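Quick note, our numbering runs 5 ahead of the 1-based positions in the sequence shown.
Ideal Cβ positions, reconstructed from N, Cα and C, are used throughout, including at glycine.
Keep in mind that this is a model prediction, so the values were computed, not measured.
A short write-up of the structure that comes next.
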Amino acid sequence: MFSNKVDPLPQKNWRSNVRRPSYINTCESKTQWTLPLSERLKRREQEGEFKKDVDRSAKGLTKQKWNKFKRELREISYKLEPWRASIKAVEGYHGSGVASYFMFMRWSLFLNIGITLLIITFVTIPQVAFPKRDYSPAIFGINKTSVQIDEAVKCSKDYVLKINKTDVKALLLDFLQGSGWMEKTALFYGYYDNKELFTYGKTYIIPLAYLLVSISCLLYSVILMAKKSAASFRDNVEDDRAGDNFQFFSLVFLSWDYTITDAVSAKLKKASIMKQIQTELAEKQYKLKKENLTKNQRILMYTIRVTINIFVLTCLTASAYLIYYVTQYSTNFTKMDTYSGQHKIVKLLVEFMPSLTISALNGFVPIIFSLVIIIEDYAPQNEVIMTLGRTILLRLASLIFLVASLYKDVMCKPKNVCGIGMESCTKITCWESYIGQQFYKLVITDFVIKLVLCLTVEPIRKLLAKKLKFKLLPQPQFNVPQNVLDLVYIQSLCWLGFFFAPLITCMVLISIFITFYLKKLSALHWCAASVKPYKASKSQSLFASVLMVSFFLCCLPIGYVICKVPPSRSCGPFRIYKYMYEILTVTLEFWPISAAITISFLTSGAFVLTIIIVLLLFLYYFYKKIASQSATIKILSNKLNSERKEKYYFMVEASKSLKQNQANREYPTQARELEGATGSIEVLDENKS
């Protein structure tokens, strides 16, 4: 049918003598031929197909190189990741749940590095390095009715004279309390001026920079937390989607890291996988136990839980009242006429009474919570959630009541022209620095307690439990909820305190850095392996949620101070304004009218309310969308499970049929018929005989 004949072609306009048959036209009984290869290439070149192919191949090659570059960059960043070996060592000994705490601490370190760089770069360095000039319209604005420049200048001079009266013998006490000469450092709010700076021929407004950088630090924090929460929740969802049917399969066959090349890492990875399997088994065991509870046992369990929750609320209320009482006592003691004649150690203890009380409650009350939660009989992961929830309520309540007591002292009336309390009110010259001193003392107290516990208390407990066989005091275990709350607490101090003491972020940064090595020492040497394992994915999402709640609670007092509390007349970048936010209105006076109107509209209550309503509608929409997708996933999962069971049933039936057929072939036909009639094969043998 096909012909292999090659006919000669005319040489004109052809560069090849090779002909290639294409197809046979049976209607015309005539062979159709394709163009020569050289001519086809020539036409493709004329039509630009080669250029398109080259462009496509170049784009593909560029994409491959870019993906390779990103992969190599990820590998380099993974190798350069700080504390990677330390976290792997902890993971091998305690499991991924405890390791997730150390990863959370590393993330918190990066968060504070960003906040510290923002404050130092845009507030502290300009204030220290560049010269200042006197008040200008850029500071007090076109409308001078809302400022008190003359009063601010006089009060500032009085404040400088007061803090310069520092006794040389009290240098150490001033360092511990943040008072005296410490108030003249860049650590506290009172150091920063409210004037323009000259920076390379341009002006730099410190009050505006101070306010905008503070807002930027909060926005930076919420962006990082949103990314962290999204990643943690995604891991949590993926972990939940694995289902109960395949989790052990995934752990046994799919969790090994084939990039491991040394024996130590392999050993740690094996231990980590074993801890994860123990975690899953513990959850399975708890679910089976809960399913087998009788009605009376369930009633008893819920009665115990309600009673313990009432007890927890009582403890929280008593702790809050104690903090408020101690703070008021410390403040009233400093107002007494006999205070100046007291010994310096007595003054130091009185000054530190609120900080010591808060630290003592934060250390003692969670121990009670961890003991009573054993009676409630929660699942391991729910136990972590309940402990974290109760302890974070304690920590945040302690800070809220501390701020409330300080607010009472700040807003006490009557006051003189400089805003200093008179008669029975506390004589606070610069109340912003005064609040910053309280958070400064809290950070110092928290760090010292961690240092003492890790280097003295935990080694002694291990010695008594392991060497001396002291059974009443067992070897300490690494308490994940307690350590997470310590980290959230110090971060909350940073968010609440950086507006009143900008460089407190450096203190928090150093504290977290040293705490990492203290906790690593505690986890690997002093603490026994945790009896109750924790899931890493759920722990990470839980930690992020707790930190997010703390952040928004910390933003409330800062926003209230900026908008509603009059600043000090003696210190700080806002001393000439009625409220701190007025620097924004002063800046808008120099903008074009259209821009000022636009900004005023965007910051109006109606626009903000509209944005909030729209965001709530979007949240509701995505919530319903997620709910519908979850329902669809559940239906599909049930369908897959039913199909799997059907296939398993058919396989079992097919296997039975095969076995039955094989058994039937082993017996003769007469034996099978007789066996079916009489129920015995011996009948056939008797008939044959």
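- Taken through DSSP and simplified to helix, strand or coil, G183 comes out as coil.
- Taking all protein chains in view, the Cβ of V317 is crowded by 16 or more other Cβ atoms within 10 Å, so the residue is classified as buried.
- Boundaries for L202: no alpha helix (DSSP H) harbours it, while the beta strand (DSSP E) harbouring it runs E201 to T204, taken from the DSSP string.
- The closest CA to that of Q482, considering only A528, E86 and A365, is found on A528.
- In this structure, the CA atom of I282 is about 7 Å from the CA atom of L256.
- Look at I617 here: in three-state DSSP terms it is helix.
- Between the alpha carbons of G577 and E288 lies a distance of about 55 Å.
- Considered as a whole, the stretch 89-167 harbours 89-99, 101-124, 130-134 and 142-145 as its complete alpha helix (DSSP H) runs of no fewer than 4 residues, in chain order.
- For a cut-off of 8 Å, the C-beta gap from S573 to E437 is around 6 Å, short enough to register as a contact.
- The beta carbons of A632 and F193 sit no closer together than 9 Å.
- Straight across, the Cα-Cα distance linking I604 with I617 is about 17 Å.
- Take the alpha-carbon of F338 and the one of L404: they are about 21 Å apart.
- Rounded to the nearest angstrom, the Cβ distance from L321 to L398 is 6 Å, consistent with a contact under 8 Å.
- P371 is a Cβ neighbour of L490, given a cutoff of 9 Å.
- Judged by DSSP in its simplified three-state form, A533 adopts strand.
- No Cβ-Cβ contact shorter than 9 Å links K524 with M230.
- Going by DSSP, K207 is part of the beta strand (DSSP E) stretching over K207 to I210.
- For I495 and F444, the gap between their C-alpha atoms comes out near 10 Å.
- Looking at the DSSP output, Q386 sits in no beta bridge, so it has no partner there.
- With contacts defined by Cβ atoms closer than 9 Å, F579 and N199 form a contacting pair.
- Boundaries of the alpha helix (DSSP H) around C499: V485 to G502.
- In the pairwise beta carbon analysis, the stretch 442-462 is classified as touching the stretch 348-365: at least three pairs are separated by under 8 Å.
- When rounded, the separation of the alpha-carbon atoms in F258 and R79 is 25 Å.
- DSSP places Q442 inside the alpha helix (DSSP H), whose first and last residues are W436 to V457.
- Note on geometry: alpha-carbon atoms of L286 and F254 lie some 13 Å from one another.
- Looking only at T332, F557, N367 and F374, the smallest Cα-Cα distance to E356 is reached by T332.
- Here K432 carries a coil assignment [DSSP, helix/strand/coil].
- Comparing C-alpha distances from W531 to each of Y98, G183 and S410 shows the shortest one belongs to Y98.
- DSSP lists G426 as the beta-bridge partner residues of K420.
- DSSP, reduced to helix, strand and coil, places Y582 within a strand of the structure shown.
- In this structure, D414 lies away from T434, with their beta-carbon atoms at least 9 Å apart.
- For F505, no alpha helix (DSSP H) segment is defined, and its DSSP state is neither H nor E.
- The straight-line gap separating the alpha-carbon atoms of Y197 and K280 is approximately 52 Å.
- Fewer than three beta-carbon pairs drawn from the stretch 451-468 and the stretch 81-96 are found closer than 8 Å, and the two stretches are therefore not classed as touching.
- Looking only at N421, D155 and M306, the smallest Cα-Cα distance to D382 is reached by M306.
- Here the alpha carbon of Q290 sits roughly 14 Å from the alpha carbon of N387.
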